[in-house]
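Novice: Numbering (the working numbering), first residue to last: 35 to 332.
Backbone N, C-alpha and C fix where the C-beta goes; we use that ideal spot for every residue, glycine too.
These numbers come from a predicted model, not from an experiment.
Listed below in structure tokens is the structure:
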């Protein structure tokens, strides 16, 4: 049975969802609100942070206590390819570093509409190259992301494969957005159940990201890619998501490609519920399972 915290958070999110279409007159206004909220959360102590720069990409290295030597996560934040940042995701990133006993690199990849596809993908691949060039072994690197970042993680893997670079140890995708054609049935059938994502907003952001490109291109929508040769993949998705089918179809595609894949379907959970680990027990449990997955790959 879902926790009372889950019920309360969903009510708050639904109220915010109804207002969001009218509140955000621009992408920039939504970014500003996210940054203000993050500034409050980031007052909570914990984790060691180091600012880094990879070419023109700004990021942070987060260190956890009891780190496994050489293990590192490349974290790609969500935000529909239009919002999100190191600052707004630091609170989740440091928890993931902790449960995975790992260093974690989170980057400010370029965002649409100022920088549509392939800006984000170019930055994520450059960050992965930087890790390889700075002494991190591929079999100790994990690429992880939520929502758009979960899709970008897989697109990064497909690009790594295309470039014949060494593949990472694994991929972890939380509520991944894998199909920017928005062809999944859940996108329409679960619209009223989803307390967070507004289909109109998602459709708008998808177009801002892919621009003049075909959204079915697999570097944009990794669901349509060939995953043969991929390392183990973990997927977590909630039943109350319009992107529910993105995860289920991804799971089937990975199985067809003979990839070792774990799919966790969480009943009554909403999009990227893991973010609420400070207050919701289901979030803490899900994040803990991510740590278990990472640790058993070595």
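For the putative contact between residue 201 and residue 265, defined by C-beta atoms under 8 Å, what is the C-beta separation to the nearest angstrom?
Specialist: Your numbering for residue 201 matches position 167 in the chain shown. Your numbering for residue 265 matches position 231 in the chain shown. Right, the Cβ-Cβ distance comes to about 5 Å (below 8 Å), so this counts as a contact.
Novice: What residue from 70, 111 and 135 has the CA that sits closest to residue 97's CA?
Specialist: Numbered from its first residue, the chain shown carries residue 97 at position 63. Comparing Cα positions, the closest option is 135.
Novice: If we count the other Cβ atoms within 10 Å of its Cβ and call it buried at 16 or more, is residue 274 buried or exposed?
Specialist: One-based indexing of the chain shown puts residue 274 at position 240. That one is buried.
Novice: Jot down the residue ranges of each uninterrupted alpha helix (DSSP H) in the segment 219 to 251, minimum 4 residues, whole runs only, in chain order.
Specialist: If we require 4 residues or more, the alpha helix (DSSP H) runs fully inside the segment 219 to 251 come out as 220 to 223 and 233 to 244.
Novice: DSSP state of residue 47, grouped into three classes?
Specialist: In the chain shown, residue 47 corresponds to position 13, counting from 1. In the structure shown, residue 47 sits in a helix (DSSP, three-state: H, G or I).
Novice: Quick one: using the 10 Å Cβ neighbour count with 16 as the cut-off for buried, is residue 313 buried or exposed?
Specialist: Along the chain shown, read from residue 1 onward, the residue named residue 313 stands at position 279. Residue 313 comes out exposed.
Novice: What is the DSSP secondary structure of residue 197, reduced to helix, strand or coil?
Specialist: Within the chain shown, numbered from 1, the residue matching residue 197 stands at position 163. Reduced to three states, the DSSP call for residue 197 is coil.
Novice: Just tell me which of 254, 311 and 37 has its CA closest to the CA of residue 132.
Specialist: Translated into positions along the chain shown, residue 132 becomes position 98. Out of 254, 311 and 37, 311 has the C-alpha closest to the C-alpha of residue 132.
Novice: Buried or exposed: which applies to residue 35, given that a residue is buried once 16 or more other Cβ atoms fall within 10 Å of its Cβ?
Specialist: For this step, residue 35 is matched to residue 1 along the chain shown. Exposed, since its Cβ has fewer than 16 Cβ neighbours within 10 Å.
Novice: Anyone know if the C-beta pair for residue 220 and residue 276 falls short of 9 Å?
Specialist: For the purposes of this step, residue 220 is taken as the residue at position 186 of the chain shown. For the purposes of this step, residue 276 is taken as the residue at position 242 of the chain shown. Their beta carbons are under 9 Å apart, which means residue 220 touches residue 276 by this criterion.
Novice: DSSP on residue 95, reduced to helix/strand/coil?
Specialist: For this step, residue 95 is matched to residue 61 along the chain shown. Note: residue 95 maps to strand in three-state DSSP.
Novice: Taking the alpha carbon of residue 157 as the reference point, which residue from 167, 145, 168 and 257 has its own alpha carbon closest?
Specialist: Start at 1 with the first residue of the chain shown, and residue 157 comes out as number 123. Minimum Cα distance to residue 157 is reached at 145.
Novice: Answer yes or no: the CB of residue 148 versus the heavy atoms of the ligand MN, is any distance below 8 Å?
Specialist: Absent from the structure shown: the ligand MN. Ligands present: none.
Novice: Secondary structure at residue 325, three-state DSSP: helix, strand or coil?
Specialist: By 1-based counting over the chain shown, the position of residue 325 is 291. Residue 325: helix per DSSP, three-state reduction.
Novice: Kindly give me the distance between the Cβ atoms of residue 161 and residue 88, rounded to whole angstroms, as I take these residues to be in contact under 8 Å.
Specialist: The residue labelled residue 161 in the question sits at position 127 within the chain shown. The residue labelled residue 88 in the question sits at position 54 within the chain shown. Indeed they touch by this definition, with Cβ atoms about 6 Å apart.
Novice: Figure out for me which residue from 236, 194, 226 and 195 has the closest Cα to the Cα of residue 212.
Specialist: Mapped onto the chain shown, residue 212 falls at position 178. When each option's Cα is compared against that of residue 212, the closest is 236.
Novice: Return yes when the Cβ of residue 170 is within less than 9 Å of the Cβ of residue 91, no when it is not.
Specialist: What you label residue 91 is simply residue 57 of the chain shown in a count that begins at 1. What you label residue 170 is simply residue 136 of the chain shown in a count that begins at 1. Not closer than 9 Å, so no.
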